[in-house]
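Taking it in order: structure first as structure tokens, then the write-up.
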Amino acid sequence: MSRTQVQDITALTALSELRTLSLSRTQVQDITALTALSELRTLDLSGTQVQDITALTALSELQRLDLSRTQVQDITALTALSELRTLYLSGTQVQDITALTALSELRTLYLSGTQVQDITALTALSELRTLYLSETQVQDITALKKLTNLRIFIEA
12 MSRTQVQDIT ALTALSELRT LSLSRTQVQD ITALTALSEL RTLDLSGTQV QDITALTALS
72 ELQRLDLSRT QVQDITALTA LSELRTLYLS GTQVQDITAL TALSELRTLY LSGTQVQDIT
132 ALTALSELRT LYLSETQVQD ITALKKLTNL RIFIEA
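To get the working numbering, take the position in the sequence shown, counting from 1, and add 11.
Rendered as structure tokens:
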């Protein structure tokens, strides 16, 4: 459904076995209907007008989530996504990443182009292997020394 004019995704509630969904570059703002998709593993909301991601707390099986270029600022709801392995937050207004400490399975994190300044919370992500930090407000990267599994760190 990417790159369409779709706004209302209520009809998707009938697709309870759906595992992958891309709503990238659609007109979607309200994602409440996604709470019915408990089997969802991959969700792409990039380039949408989504601001409130509270509905994502119902998606406990989610492993890959793309919120890049959305209106998202508050990522507290992500604490419920314990299976999340890949997270795209690039180009959002996110500043506080404290909620990420709950994502113990997270392996890849895109923070490029965000308002993030403090990355201390990342020290809790022992499985983190790939991190993108370009075009952020981060000045102190001392916290990264505790990430012994980190293999790719992109800061340029």
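Where a beta carbon is used, it is the ideal one built from N, C-alpha and C, also for glycine.
- Judged by DSSP in its simplified three-state form, Thr125 adopts coil rather than helix or strand.
- If one requires a minimum length of 3 residues, the beta strand (DSSP E) runs lying completely within the segment 13-43 are 31-33, in chain order.
- CA-CA distance, Asp63 to Asp151, rounds to 30 Å.
- Per DSSP, reduced to three states, the secondary structure at Thr59 is coil, with no helix or strand assignment.
- Assignment of Thr147 by DSSP, reduced to helix, strand and coil, places it in the coil class.
- Just so you know, the alpha carbons of Tyr99 and Ser79 end up roughly 5 Å apart.
- Shown here, Thr81 sits in coil according to DSSP, grouped into three states, outside any helix or strand.
- At the C-beta level, Thr53 and Arg36 stay beyond 7 Å of one another.
- In the structure shown, Leu139 adopts coil according to DSSP, grouped into three states.
- When DSSP states are grouped into helix, strand and coil, Thr119 belongs to the strand group.
- Excluding the 5 residues flanking it on each side, Arg30 has same chain C-beta neighbours closer than 8 Å at Glu50, Leu51, Arg52, Thr53, in chain order.
- DSSP places Leu48 in the coil class of the three-state scheme, outside both helix and strand.
- Per DSSP, the beta bridge partners of Ile165 are Tyr143.
- Sequence-distant partners of Asn160 (beyond 5 residues in either direction) whose C-beta falls short of 7 Å from its own C-beta, in its chain, are Ser137, Glu138, Leu139, Arg140.
- In this structure, DSSP gives Thr53 an extended state, which the three-state scheme calls strand.
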